[in-house]
Structures are given as C-alpha cells and as structure tokens.
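What follows is a set of notes on a single structure, which appears directly below.
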Amino acid sequence: MSSGEVDFHDEMIDPLAEDQKLKEQLLRKYSGYIFKLKQEFLKKKKKGKLPREARQMLLDWWTQHYKWPYPSEAEKTALAESTGLDQKQINNWFINQRKRHWKPSEDMQYVMMDSPAGQTQHTFLRPHSHIASQHLSPYTVLQTMEVAAGAAPSATMMSSLH
C-alpha cells in the first residue's frame, strides 16, 4: 500500500481512547493520506509567480527581441536551461507576455502575396511607405500591392500578426 492510500481495515480506532492516544491512532492510520493532501496543496500554492531571477532573464530576452518576441526552439531550450524553468513554463510565459504587453507595430503588418509562379512573397509595409502612410483599408492596400507587383487578384492578406 502506498503512503497516499488508506486501508480502513488495518487498525480499528478505539472510540473510548484518551485524546492523545486517539490522536496517535489517527495519525498512524491517516498520515500517508494527510501527507499526500499537504503535498497537493503546496503544489497548488507554488503555481503563479516564477522566481525573480528567471523572470528577469525572460524580461531581458523580451526587451532585446521586442519587435518579434517569438523565441526559436533552440532559444527556448537555452532559456529553460539558464532559468531553471521547464519548456512549458517558458512557452506559457511568452504567450502571456505577448497577450498582455505586446502590440505589433504598424510596420509589422504585412501582405502575403502569391506570385505567378505559385511562390509566396512577404512584403512588409513601413509607416513611411506610400501605401501604409495613407491609412487605407486592408483591401485597398491589397489591391494596390497587387497592381504594383503585377499579381493576380487571388492574393491573401494578413492585416496583423496576432
């Protein structure tokens, strides 16, 4: 029987026993179960904040890569090793950080266009470019890009990178 299991047939509790003796009987019988519950509660309490040093290392990486805060698998592995966190914690931290604190800038909006040869071209729109500075609708931007590139009207547009 493992320490978390309870066997109700091992020891009978004497209802007439003194308080101290009763306490000892109950502890002997249920200590494994109580220990397991205590461990589960401690695990739940630990969830939440990551260690300060680990958070700082992740924030440093974030600051250096703010324009495109998507670490590669190799970078995630390196971050996990240097912070002492597991890869799932690294992934979750970046997902939460991007949701809470990152808005792709206007110059990160881009158009994916199919060229006549069937290859996809990525064209980044800069705020100072002729197209982006006019605050045109995504459809108008797409039409303008198609005309400029000589592409067929079957192009695909992504207006943001959420």
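To convert, note that position 38 of the sequence shown is 1018 in the numbering used here; the numbers rise steadily by one, no gaps.
Backbone N, C-alpha and C fix where the C-beta goes; we use that ideal spot for every residue, glycine too.
When DSSP states are grouped into helix, strand and coil, Tyr1050 belongs to the coil group.
A residue is called buried once 16 or more other Cβ atoms fall within 10 Å of its Cβ, and Leu1007, having fewer, is exposed.
Put simply, the segment 1040-1053 does not touch the segment 1007-1016. Fewer than three CB pairs are less than 8 Å apart.
For Leu1039, the enclosing alpha helix (DSSP H) stretches over residues Arg1032 to Gln1044.
Taking Ser1062 as reference, the option from Leu1039, Ala1034, Gln1000 and Leu996 with the minimal CA-CA separation is Ala1034.
C-alpha of Tyr1010 to C-alpha of Glu998: approximately 18 Å in a straight line. Excluding its 5 nearest sequence neighbours in each direction, Gln1067 has C-beta neighbours in its own chain below 8 Å: Lys1056, Thr1057 and Ala1060, listed in chain order. For Ile993, there is no enclosing alpha helix (DSSP H), as DSSP marks it with neither H nor E. Distances from the CA of Gly1028 to each of Asp1040, His1081, Arg1078 and Leu1065 were compared; the closest alpha carbon is that of Leu1065.
In the displayed model, Asp999 falls within a helix according to three-state DSSP.
Ranked by Cα distance from Leu1030, the options Trp1082, His1045, Ile1070 and Ile1075 are led by Ile1070. For Lys1047, the closest C-alpha among the options Trp1082, Asp994, Glu1004 and Leu996 is that of Trp1082.
For Trp1041, the closest alpha carbon among the candidates Gln1005, Arg1078 and Leu1022 is that of Arg1078.
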